[in-house]
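Chemist: Below you'll find the structure I mean.
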C-alpha cells in the first residue's frame with residue numbers, strides 16, 4: 133500500500149473532519165429546507181426517516197390541497213421593516229489629536245465609498261433574507277488580489293492589480309462550526325467554509341487539476357404539482373436536491389491562533405488536493421490579531437446554540453393547521469353544494485351519472501318500480517370552522533408580532549394618539565433582537581473593511597465620495613492613513629421610523645431654529661443635509677464658502693508643517709484662517725516638541741492675516 137505524504141494526510145484528515153461536521157449538522161439542514169419550502173408555498177411536506185424532507189401525498193382524489201400561505205407575507209413584512217436599517221456609519225478617532233480626528237473622518241469616507249461600490253445595502257438585504265428564513269446568515273469579508281486598479285503587467289501579459297475588499301454573503305448551508313453548541317464565531321476554535329465549484333473554476337482559482345464528480349446541491353427550481361382541489365390542479369416552487377456535474381468541493385478550514393499556531397492556520401483543500409496550508413491571512417481582529425473573515429447574523433438567538441432560530445419554525449404548525457381547516461371547510465361546502473346522491477343498486481346507469489352528474493334539465497331514466505335517486509340531506513356549515521379559522525389567524529399575528537392595524541379596528545377606534553404610538557412601539561419591539569443583530573453585523577463588517585485596508589492598501593488608491601455640501605470628492609489614501617477602527621452608527625436607527633415621521637421631526641427641529649447660526653441663518657451644508665434626509669437625495673446646492681475656506685486653511689496647515697511658506701491670498705477669510713491655524717498649532721505644535729522654524733512660519737503667516745483683518749481689508 134502506498135504511503136501517503138504529509139500533504140495527502142492533511143488533506144485526508146481535513147476531508148474527514150468536514151464529513152463529520154456534515155453529519156452533525158444534518159438536523160439543522162432539514163429544518164432549513166423545511167422552512168424554505170413553507171416560505172415558497174410547498175407546504176405539504178415534512179422531515180422523514182433519515183432527516184430527508186419528503187412530500188406528503190394526497191389521501192383521496194377529491195381531497196382539497198390548496199395552500200393558504202401566511203408565512204410568506206409575514207416574512208415579507210419583517211424584511212420590509214428591517215430593510216430600513218442603512219449602513220450610515222462614523223469612525224471615532226483614537227485620540228483628540230487633529231490628525232487622528234482627520235483620519236477618522238476619512239475612515240468614514242472610505243466606508244461610504246465601499247458601501248456604494250459593493251452595493252452593501254443589497255448584500256445586507258440578501259443576508260437578512262437568509263437569516264429570516266433559515267435563522268442564520270454570514271458575511272465573508274476577505275481580500276481579493278484580482279480586484280482593484282491595474283498597476284503593472286507581468287511577463288505573461290497578465291494584469292497585476294492593487295487588490296481590493298471582497299464582501300460576499302454566505303448561506304448557513306456553507307458554514308460548519310466545530311460544534312453546534314458554540315454561541316458565536318468568537319467561541320469557535322475552528323470553522324469550515326465549504327462550497328462546490330466546477331473543475332474549471334478550481335483550475336482558475338488555484339492552478340491545480342482536480343478530478344470532477346457529481347455533487348448534490350440544493351436548488352429552488354423544483355415544481356410541486358400535487359396541490360389544488362377537486363378537479364383543480366395547482367403547483368408551487370420547492371427546494372429540491374439536484375446534481376452539479378464535473379465539480380468538486382473546496383474546503384476552507386480556519387483554525388484560531390493557539391500555542392501550536394500563534395498566527396492561526398488556514399487549510400484549503402480542493403477536491404482531494406491540498407492547495408494551501410499556512411497562517412490565517414488577515415489581521416482583522418482587535419489590536420492586529422488574526423481572526424476568521426466571517427461575520428454572523430441571526431434572526432433570533434438560541435441559548436447554547438451556534439445557529440439562530442427563524443420565526444418560520446414557530447409558524448409551521450399554525451400554517452399546517454390553517455391549511456387543514458380551510459381545506460376541510462371547502463370539502464364540506466363541496467358536499468353541500470354538489471350533493472351526495474343515493475341510488476338504488478341497478479336502478480340507473482351509474483357510469484353515466486358519475487360522468488355527467490345531475491345537470492339542470494337532465495332527463496334521468498331509472499328502472500320501473502325502483503326508488504328514484506335522491507340527494508342525502510346535508511347540514512349547514514358548522515360555526516366551529518369559522519371560530520377555529522379566526523383563532524389561527526390571531527395566532528399568526530401573535531407569534532409573528534406583525535399586527536396590521538387595519539384588522540384591529542375595534543381596538544384602535546377609540547384609542548388616543550399617545551396610546552396608539554405606544555401600541556405601535558410594542559408591536560415593533562418584536563423586531564428588536566433581529567435589528568440589533570443586523571446592526572452589530574454591519575459594524576463588524578465595517579471594522580473588517582478598515583482593518584484589511586490598513587493591512588493591504590500599501591499603494592495609494594482612489595475613492596470617490598459625496599462631500600458634506602453634496603459635491604463629489606475624489607481622494608487618495610493608503611493603509612497608513614487609517615488610525616482608528618472604532619465604528620459606530622451615525623445615529624440610532626429605529627426600524628419603526630417611517631419617512632413621514634423623519635420629515636415631521638426635521639420640521640419640528642427647524643421650527644425651533646436649532647440648526648441656525650447666531651444670525652438665524654442656515655448654512656448651505658446644513659440645507660443640503662436637510663434636503664437629503666427629507667428623502668430628496670443630493671440637490672445641486674451652491675458650495676458653502678465657509679466650509680471651503682476651512683478646507684483651504686487645513687491644506688495650508690499641512691504645507692506649513694512641512695516648512696513650506698504659504699502666502700496670504702486676497703480672497704482668504706482671515707478670521708476662519710486664523711482660527712484654523714491657531715487650533716492646528718495648539719494641537720500639533722505646542723502639544724509636543726516642535727521645530728522653531730515651523731513655529732515661525734505659522735506665526736508669520738498668522739500675523740499677515742491679523743494685519744489684514746485690523747486694516748478691515
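Residue numbers (this note's numbering): 133 to 749.
Note that the Cβ used here is the ideal one computed from N, Cα and C, for glycine as well.
State the Cα-Cα distance for the pair residue 701 and residue 745, rounded to the nearest angstrom.
Modeler: Taking the chain shown and counting its residues from 1, the one referred to as residue 701 is at position 569. Taking the chain shown and counting its residues from 1, the one referred to as residue 745 is at position 613. Whole-angstrom Cα-Cα distance: 13 Å.
Chemist: Anyone know if the C-beta pair for residue 565 and residue 445 falls short of 7 Å?
Modeler: The sequence position of residue 565 within the chain shown is 433, counting from 1. The sequence position of residue 445 within the chain shown is 313, counting from 1. No.
Chemist: Is the beta carbon of residue 450 closer than 7 Å to that of residue 773?
Modeler: Residue 773 is absent from the model: the chain starts at 133 and stops at 749.
Chemist: Going by Cα to Cα distance, which pick from 323, 311, 650 and 707 is closest to residue 742?
Modeler: Sequence index remark: in the chain shown, residue 742 carries index 610 (1-based). Of the listed residues, the one whose Cα sits closest to residue 742 is 707.
Chemist: By DSSP, does residue 282 sit in helix, in strand, or in coil?
Modeler: Taking the chain shown and counting its residues from 1, one reaches residue 282 at position 150. Reduced to three states, the DSSP call for residue 282 is strand.
Chemist: Apply the 10 Å Cβ neighbour rule to residue 396 and answer buried if 16 or more other Cβ atoms are within range, or exposed otherwise.
Modeler: Locating residue 396 in the chain shown gives position 264, counting from the first residue. Its Cβ being crowded by 16 or more others within 10 Å, residue 396 is buried.
Chemist: Using the Cβ count rule (16 or more neighbours within 10 Å means buried), how would you classify residue 612?
Modeler: Along the chain shown, read from residue 1 onward, the residue named residue 612 stands at position 480. Under this definition residue 612 is an exposed residue.
Chemist: Between residue 638 and residue 662, how many whole angstroms is the CB-CB distance? I'm expecting something under 8 Å.
Modeler: Locating residue 638 in the chain shown gives position 506, counting from the first residue. Locating residue 662 in the chain shown gives position 530, counting from the first residue. Correct: roughly 6 Å between the Cβ atoms.
Chemist: With respect to the alpha helix (DSSP H) encompassing residue 714, which residues constitute its N-terminal and C-terminal limits?
Modeler: As a working note, residue 714 is residue 582 in the chain shown. Note, residue 714: alpha helix (DSSP H), 706 to 720.
Chemist: For a test of the three-state rule: what should DSSP assign to residue 497, helix, strand or coil?
Modeler: Sequence index remark: in the chain shown, residue 497 carries index 365 (1-based). Correct three-state label for residue 497: coil.
Chemist: Under the three-state reduction of DSSP, which class applies to residue 506: helix, strand or coil?
Modeler: Against the chain shown, residue 506 aligns to sequence position 374. Correct three-state label for residue 506: strand.
Chemist: May I ask you to report which of helix, strand or coil DSSP gives residue 518?
Modeler: Position 386 of the chain shown, counting from 1, holds the residue named residue 518. Correct three-state label for residue 518: helix.
Chemist: For residue 265, tell me which candidate among 283, 311, 237 and 211 has the shortest Cα-Cα distance.
Modeler: Here residue 265 corresponds to residue number 133 of the chain shown, with the count starting at 1. Among 283, 311, 237 and 211, the Cα nearest to that of residue 265 belongs to 211.
Chemist: Can you grab the Cα-Cα spacing for the pair residue 495 / residue 461, in whole Å?
Modeler: What you label residue 495 is simply residue 363 of the chain shown in a count that begins at 1. What you label residue 461 is simply residue 329 of the chain shown in a count that begins at 1. The alpha-carbon atoms of residue 495 and residue 461 are separated by roughly 32 Å.
Chemist: Just confirm the distance between the C-beta atoms of residue 315 and residue 438, as a whole number of angstroms; I'd bet it's less than 8 Å.
Modeler: To locate residue 315, count along the chain shown from 1; it is residue 183. To locate residue 438, count along the chain shown from 1; it is residue 306. At roughly 7 Å, the Cβ-Cβ gap stays under 8 Å, so residue 315 and residue 438 are in contact.
Chemist: Does the contact criterion of 3 or more C-beta pairs under 8 Å hold for the region 387 to 402 versus the region 141 to 152?
Modeler: A contact exists between the region 387 to 402 and the region 141 to 152.
Chemist: Starting from residue 737, trace the alpha helix (DSSP H) both ways and give me its first and last residue.
Modeler: Walking along the chain shown from the start, residue 737 turns up at place 605. Counting along the chain, the alpha helix (DSSP H) containing residue 737 begins and ends at 728 to 747.
Chemist: Inspect the beta-carbon positions of residue 268 and residue 440 and report whether they are closer than 7 Å.
Modeler: Position 136 of the chain shown, counted from the start, is the residue given in the question as residue 268. Position 308 of the chain shown, counted from the start, is the residue given in the question as residue 440. Going by C-beta atoms, residue 268 is nearer than 7 Å to residue 440.
Chemist: Could you tell me the alpha carbon to alpha carbon distance between residue 695 and residue 241, rounded to whole angstroms?
Modeler: Against the chain shown, residue 695 aligns to sequence position 563. Against the chain shown, residue 241 aligns to sequence position 109. Answer to the nearest angstrom: the Cα atoms are 28 Å apart.
Chemist: What are the partner residues of residue 275, as DSSP defines its beta bridges?
Modeler: Position 143 of the chain shown, counted from the first residue, corresponds to residue 275. Per DSSP, 297.
Chemist: What residue range does the beta strand (DSSP E) around residue 412 cover?
Modeler: Counting from one through the chain shown, the residue named residue 412 turns up at place 280. Counting along the chain, residue 412 falls outside any beta strand (DSSP E), and DSSP gives it neither H nor E.
Chemist: Report the option in 200, 198 and 175 whose CA atom is closest to the CA atom of residue 188.
Modeler: Here the question's residue 188 lines up with position 56 in the chain shown. Minimum Cα distance to residue 188 is reached at 175.
Chemist: Using the Cα positions of residue 570 and residue 138, report the straight-line distance between them to the nearest angstrom.
Modeler: Sequence index remark: in the chain shown, residue 570 carries index 438 (1-based). Sequence index remark: in the chain shown, residue 138 carries index 6 (1-based). Straight-line Cα distance between these residues: approximately 42 Å.
Chemist: Please report the straight-line C-alpha distance between residue 747 and residue 296, rounded to a whole angstrom.
Modeler: Taking the chain shown and counting its residues from 1, the one referred to as residue 747 is at position 615. Taking the chain shown and counting its residues from 1, the one referred to as residue 296 is at position 164. Cα-Cα distance, rounded: 53 Å.
Chemist: So what does residue 308 bridge to, in DSSP terms?
Modeler: The residue you call residue 308 lines up with position 176 of the chain shown. Residue 308 is bridged to 324.
Chemist: Quick check for students: name the residue ranges of the beta strand (DSSP E) that lie wholly in the region 136 to 211, counting only runs of 3 or more.
Modeler: Listed in chain order, the complete beta strand (DSSP E) runs (minimum 3 residues) inside the region 136 to 211 are 177 to 179 and 185 to 187.
Chemist: For the pair the region 318 to 335 and the region 372 to 391, tell me if three or more CB-CB distances fall below 8 Å.
Modeler: Yes, the region 318 to 335 touches the region 372 to 391.
Chemist: Do residue 479 and residue 498 have their C-beta atoms within less than 7 Å of each other?
Modeler: Mapped onto the chain shown, residue 479 falls at position 347. Mapped onto the chain shown, residue 498 falls at position 366. Contact flag set, yes.
Chemist: Let me confirm a value: residue 627 is counted as buried when at least 16 other C-beta atoms fall within 10 Å, else exposed. Which label applies?
Modeler: In the chain shown, the residue the question calls residue 627 occupies position 495. Its pLDDT being 47, under 50, residue 627 is placed unreliably in this model, and the coordinates cannot settle the point.
Chemist: Between which two residues does the alpha helix (DSSP H) carrying residue 252 extend?
Modeler: In the chain shown, the residue the question calls residue 252 occupies position 120. Unbroken alpha helix (DSSP H) run through residue 252: 252 to 266.
Chemist: Grab me the residues of residue 543's own chain with a C-beta within less than 7 Å of its C-beta, minus the 5 sequence neighbours each way, in chain order.
Modeler: Against the chain shown, residue 543 aligns to sequence position 411. Low confidence applies here, because residue 543 scores a pLDDT of 48, under 50, leaving its location unreliable; read the following figure in that light. Taken in chain order, the list of residues that qualify is empty.
Chemist: Quick check for students: name the residue ranges of the beta strand (DSSP E) that lie wholly in the region 391 to 474, counting only runs of 3 or more.
Modeler: Those beta strand (DSSP E) runs which fall completely within the region 391 to 474 and span 3+ residues are 397 to 402, 405 to 410 and 426 to 430.
Chemist: Between residue 183 and the rest of its own chain, which residues show a CB-CB distance below 8 Å, the 5 nearest in sequence each way excluded?
Modeler: Against the chain shown, residue 183 aligns to sequence position 51. These residues qualify, in order along the chain: 158, 159, 161 and 162.
Chemist: Does the beta-carbon distance from residue 320 to residue 304 come in below 7 Å?
Modeler: Counted from its first residue, the chain shown places residue 320 at position 188. Counted from its first residue, the chain shown places residue 304 at position 172. The answer is no: Cβ separation not under 7 Å.
Chemist: Over what stretch of residues does the alpha helix (DSSP H) that includes residue 686 continue unbroken?
Modeler: Translated into positions along the chain shown, residue 686 becomes position 554. Per DSSP, residue 686 belongs to the alpha helix (DSSP H) from 677 to 693.
Chemist: So what does DSSP say about residue 330, is it helix, strand or coil?
Modeler: Numbered from 1 along the chain shown, position 198 holds the residue referred to as residue 330. Residue state, collapsed to three classes: strand.
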